[in-house]
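Novice:
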């Protein structure tokens with residue numbers, strides 16, 4: 029009997045140990061399904077390397093990457109006219125190709141985003157006229173097709189992004205020269221449904237920077253539109269899966285508009301821009317590192333720029349064109365963290 033009783037006691041102890049192990053493993057598994065927390069160690073400062081300049085300098089093009097190629101679509105030429113030109117940059121060979129099929133409607137101020145091998149050119153303007161047209165570039169076939177028109181004409185700039193298998197068009201300047209808080213989404217698998225309304229941006233804005241990480245679109249800075257409009261410090265993140273906005277990220281240290289943004293290794297970057305009311309163009313680069321509660325200054329741009337484009341390809345951020353005092357619109361750079369053996373701007377200590 030004692031052996032039996034002792035046997036039952038051991039069985040209960042084993043059961044408790046087993047339950048404890050199961051609970052611990054369950055907690056580890058649950059934590060494993062959460063978004064992994066990147067290393068809090070900040071990355072090295074950026075180093076800039078000049079790359080081949082744009083063959084045809086333009087301001088306000090749409091820019092998107094497919095594989096190793098960066099496509100620069102439309103924009104305003106030096107003469108101030110919207111173009112239908114498509115310029116493709118090969119990040120491996122450092123060469124441009126202007127022999128691509130041209131966008132169907134000449135435009136500037138458009139947004140561009142890539143899903144798979146297709147690029148969507150969204151909105152923009154031609155002269156005084158804002159556009160609601162959308163055109164789809166099939167890069168594998170070098171062919172353009174019309175896409176579903178926007179619900180309203182708009183100049184989006186950086187506010188068009190691909191995220192969670194959809195194209196999003198956020199905010200922007202309306203045809204009445206005011207700003208919009210509207211957000212539209214397009215499902216390429218269901219093009220016949222056209223653009224669908226999504227949750228509006230917390231505040232109307234245009235000329236903000238935007239970047240994508242995972243299933244989030246982050247909008248930074250911007251302008252409220254009109255002659256009496258003000259520049260913004262706002263940082264708003266849109267959850268494409270949850271359909272909601274989150275404004276808990278730290279504000280920019282200074283108000284900026286006509287800046288551009290990109291993400292690399294979980295770090296958010298904001299490049300250049302300025303303040304229209306003070307007629308300033310800045311070389312400032314800001315970054316928000318994982319685990320940090322405030323924006324930090326990174327290595328300044330080689331010279332002040334606004335309205336340039338930024339796109340991440342591999343381990344680098346490519347900065348395309350833009351405008352600045354006494355500078356050519358065709359200048360382009362590659363930015364990457366850490367020391368470089370290549371010619372270029374040395375990172376700050």
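In my numbering, the protein residues as written are 29 to 377. Each residue gets a CB set at the ideal place from its N, CA and C atoms; glycine is no exception.
Can you round the beta-carbon distance between residue 87 and residue 357 to whole angstroms, since I take them to be within the 8 Å contact cut?
Specialist: Locating residue 87 in the chain shown gives position 59, where the first residue counts as 1. Locating residue 357 in the chain shown gives position 329, where the first residue counts as 1. That belief holds up - the Cβ atoms of residue 87 and residue 357 are roughly 5 Å apart, short of 8 Å.
Novice: Could you spell out the range, first to last residue, of the beta strand (DSSP E) harbouring residue 198?
Specialist: Within the chain shown, numbered from 1, the residue matching residue 198 stands at position 170. Here the beta strand (DSSP E) through residue 198 covers 194 to 198.
Novice: Spatial neighbours of residue 130 within its chain, please: CB distance less than 8 Å, with the 5 preceding and 5 following residues excluded, ordered by chain position.
Specialist: For the purposes of this step, residue 130 is taken as the residue at position 102 of the chain shown. For residue 130, where only same-chain residues beyond five positions count, the Cβ hits under 8 Å are 112, 113, 114, 172.
Novice: Does DSSP put residue 378 in a helix, in a strand, or in coil?
Specialist: Residue 378 lies beyond the stretch modelled for the chain, which goes from 29 to 377, so this question has no answer here.
Novice: Which whole-angstrom value describes the C-beta separation of residue 229 and residue 199, a residue pair presumed to lie in contact below a C-beta threshold of 8 Å?
Specialist: As a working mapping, residue 229 is identified with position 201 in the chain shown. As a working mapping, residue 199 is identified with position 171 in the chain shown. The pair is a contact, with the Cβ atoms about 5 Å apart (cut-off 8 Å).
Novice: Label residue 102 either buried or exposed according to how many other C-beta atoms from any shown protein chain fall within 10 Å of its C-beta, with 16 as the threshold for buried.
Specialist: Taking the chain shown and counting its residues from 1, one reaches residue 102 at position 74. Within a 10 Å sphere around the beta-carbon of residue 102 sit 16 or more other beta-carbons, which makes this residue buried.
Novice: Can you say whether residue 189 is buried or exposed, counting buried as having 16 or more other CB atoms within 10 angstroms of its CB?
Specialist: As a working note, residue 189 is residue 161 in the chain shown. Burial call: buried.
Novice: Buried or exposed: which applies to residue 142, given that a residue is buried once 16 or more other Cβ atoms fall within 10 Å of its Cβ?
Specialist: One-based indexing of the chain shown puts residue 142 at position 114. Label assigned to residue 142: buried.
Novice: With C-beta atoms as the reference, is residue 177 less than 7 Å away from residue 167?
Specialist: For the purposes of this step, residue 177 is taken as the residue at position 149 of the chain shown. For the purposes of this step, residue 167 is taken as the residue at position 139 of the chain shown. No. Outside cutoff.
Novice: Which class does residue 267 belong to by DSSP, given the choice of helix, strand or coil?
Specialist: Locating residue 267 in the chain shown gives position 239, counting from the first residue. In the structure shown, residue 267 sits in a strand (DSSP, three-state: E or B).
Novice: Restricting to Cα atoms, I'd like to know which of 220, 309, 316 is closest to residue 263.
Specialist: For this step, residue 263 is matched to residue 235 along the chain shown. Cα-wise, what sits closest to residue 263 is 316.
Novice: In the DSSP assignment, find the beta strand (DSSP E) that holds residue 247 and state where it starts and stops.
Specialist: To locate residue 247, count along the chain shown from 1; it is residue 219. The continuous beta strand (DSSP E) containing residue 247 extends over residues 244 to 248.
Novice: Are residue 98 and residue 339 closer than 7 Å when you measure CB to CB?
Specialist: What you label residue 98 is simply residue 70 of the chain shown in a count that begins at 1. What you label residue 339 is simply residue 311 of the chain shown in a count that begins at 1. Going by C-beta atoms, residue 98 is nearer than 7 Å to residue 339.
Novice: Can you name, in chain order, every residue of its own chain whose Cβ lies under 7 Å from the Cβ of residue 310, other than the five neighbours on each side?
Specialist: Numbered from 1 along the chain shown, position 282 holds the residue referred to as residue 310. These residues qualify, in order along the chain: 300, 301, 302, 332.
Novice: Between residue 239 and residue 286, is the Cβ-Cβ spacing less than 7 Å?
Specialist: Position 211 of the chain shown holds residue 239. Position 258 of the chain shown holds residue 286. No, the pair does not count as a contact, with Cβ atoms beyond the cut-off.
Novice: Under the three-state reduction of DSSP, which class applies to residue 78: helix, strand or coil?
Specialist: Residue mapping note: residue 78 aligns to position 50 of the chain shown, counting from 1. If DSSP states are grouped into helix, strand and coil, residue 78 belongs with the strands.
Novice: DSSP on residue 56, reduced to helix/strand/coil?
Specialist: In the chain shown, the residue the question calls residue 56 occupies position 28. Caution is warranted here: a pLDDT of 36 is assigned to residue 56, below 50, making its placement in the model unreliable, and no coordinate value can be reported.
Novice: Tell me, which residues are paired with residue 124 by DSSP?
Specialist: Numbered from its first residue, the chain shown carries residue 124 at position 96. Beta-bridge partners of residue 124 (DSSP): 117.
Novice: Looking at the unbroken beta strand (DSSP E) that takes in residue 365, where does it start and where does it end?
Specialist: What you label residue 365 is simply residue 337 of the chain shown in a count that begins at 1. Going by DSSP, residue 365 is part of the beta strand (DSSP E) stretching over 360 to 365.
Novice: If we call anything under 7 Å between Cβ atoms a contact, is residue 186 one with residue 237?
Specialist: Translated into positions along the chain shown, residue 186 becomes position 158. Translated into positions along the chain shown, residue 237 becomes position 209. Between residue 186 and residue 237, the C-beta spacing is below 7 Å.
Novice: Would you tell me roughly how many angstroms separate the C-alpha atoms of residue 211 and residue 308, rounded to the nearest one?
Specialist: For the purposes of this step, residue 211 is identified with residue 183 of the chain shown, where counting begins at 1. For the purposes of this step, residue 308 is identified with residue 280 of the chain shown, where counting begins at 1. Near 29 Å, if we compare the C-alpha coordinates of residue 308 and residue 211.
Novice: Please classify residue 61 as buried or exposed, where buried requires at least 16 neighbouring CB atoms within 10 angstroms.
Specialist: Counting from 1 along the chain shown, the entry for residue 61 is found at position 33. Reliability fails at residue 61, whose pLDDT of 28 lies under 50, so the model's placement of it is uncertain and the value that follows must be treated cautiously. Looking at its Cβ environment, which holds fewer than 16 other Cβ atoms inside 10 Å, residue 61 is exposed.
Novice: Please check the pair residue 203 and residue 181, which I expect to be a contact at CB under 8 Å, by giving their CB distance rounded to whole angstroms.
Specialist: For the purposes of this step, residue 203 is taken as residue 175 along the chain shown, with counting starting at 1. For the purposes of this step, residue 181 is taken as residue 153 along the chain shown, with counting starting at 1. Residue 203 to residue 181, Cβ: 4 Å. Contact.
Novice: For residue 191 versus residue 234, is the C-beta distance shorter than 7 Å?
Specialist: The residue you call residue 191 lines up with position 163 of the chain shown. The residue you call residue 234 lines up with position 206 of the chain shown. For residue 191 and residue 234, no; Cβs fall outside 7 Å.
Novice: DSSP state of residue 174, grouped into three classes?
Specialist: Locating residue 174 in the chain shown gives position 146, counting from the first residue. Three-state DSSP puts residue 174 in a strand.
Novice: Quick one: what's got a C-beta closer than 8 Å to residue 170's C-beta in the same chain, skipping five residues either side?
Specialist: For the purposes of this step, residue 170 is identified with residue 142 of the chain shown, where counting begins at 1. These residues qualify, in order along the chain: 128, 129.
Novice: What number of angstroms, rounded off, separates the C-alpha of residue 106 from the C-alpha of residue 270?
Specialist: On the chain shown, residue 106 is found 78 positions in, with the first residue counted as 1. On the chain shown, residue 270 is found 242 positions in, with the first residue counted as 1. Near 42 Å, if we compare the C-alpha coordinates of residue 270 and residue 106.
Novice: Apply the 10 Å Cβ neighbour rule to residue 135 and answer buried if 16 or more other Cβ atoms are within range, or exposed otherwise.
Specialist: Sequence index remark: in the chain shown, residue 135 carries index 107 (1-based). Counting Cβ neighbours within 10 Å, residue 135 comes out buried, since at least 16 surround it.
Novice: DSSP state of residue 152, grouped into three classes?
Specialist: Indexing the chain shown from 1 puts residue 152 at position 124. Coil, per DSSP.
Novice: Roughly how far, in whole angstroms, is the beta-carbon of residue 196 from the beta-carbon of residue 245, given that I think they are within contact range, below 8 Å?
Specialist: Your numbering for residue 196 matches position 168 in the chain shown. Your numbering for residue 245 matches position 217 in the chain shown. Rounded, the Cβ-Cβ distance is 6 Å, consistent with contact.
Novice: Can you have a look at residue 82 and say buried or exposed, based on whether 16 or more other CB atoms are within 10 angstroms of its CB?
Specialist: Residue 82 sits at position 54 when you count from the first residue of the chain shown. Residue 82 is buried by the Cβ-count criterion.
Novice: Looking only at C-alpha atoms, which of 72, 104, 145, 222 sits nearest to residue 95?
Specialist: Taking the chain shown and counting its residues from 1, one reaches residue 95 at position 67. Of the candidates 72, 104, 145, 222, the one whose C-alpha sits nearest the C-alpha of residue 95 is 145.
Novice: State the beta-bridge partners of residue 240 as determined by DSSP.
Specialist: To locate residue 240, count along the chain shown from 1; it is residue 212. Looking at the DSSP assignment, residue 240 forms a beta bridge with 245.
Novice: Compare the C-alpha of residue 164 against each of 156, 179, 132, 194 and name the closest.
Specialist: On the chain shown, position 136 is the one that residue 164 refers to. Out of 156, 179, 132, 194, 132 has the C-alpha closest to the C-alpha of residue 164.
Novice: List, from N- to C-terminal side, the beta strand (DSSP E) runs of 3 residues or more that fit wholly inside the region 271 to 326.
Specialist: List check, beta strand (DSSP E) in window: 272 to 274, 288 to 292, 295 to 299, 313 to 316.
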